[in-house]
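Peer 1:
Residue numbers (my numbering): 984 to 1052.
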């Protein structure tokens, strides 16, 4: 599958937590870094996502905010 989004980060799913309509999918991308995505339960089911699966976090945003510590 080809996407126009440039920010694609591969990792392993470490948790899928479904709520009433939305699920949180946590992807370990290495070095102790975990990305969390909120997607619909329907998308989780359609993609067949489960803990231990390989996945790609695709990040596409029109705005990115930056803060200084």
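The beta carbon of each residue, even a glycine, is placed where N, CA and C say it ideally should be. This one's a predicted model, so the numbers in the text were calculated from it and none came from an experiment.
Let me check understanding here. Comparing Cα to Cα, which of 991, 1011, 1051 and 1020 lies closest to residue 1036?
Peer 2: 1011
Peer 1: CB residue 993 to CB residue 1039, shorter than 8 angstroms?
Peer 2: Taking 8 angstroms as the cut-off, the beta carbon of residue 993 is found closer than this to the beta carbon of residue 1039.
Peer 1: One question on the structure: do residue 1017 and residue 997 come within less than 8 angstroms of each other, judged by their Cβ atoms?
Peer 2: yes
Peer 1: Rounded to whole angstroms, what's the CA-CA distance from residue 1046 to residue 1034? Just pull it up for me.
Peer 2: 30 angstroms
Peer 1: What residues in its chain sit with their C-beta under 8 angstroms from that of residue 995, if we drop five residues either side in the sequence?
Peer 2: 1010, 1011, 1035, 1036, 1037 and 1038
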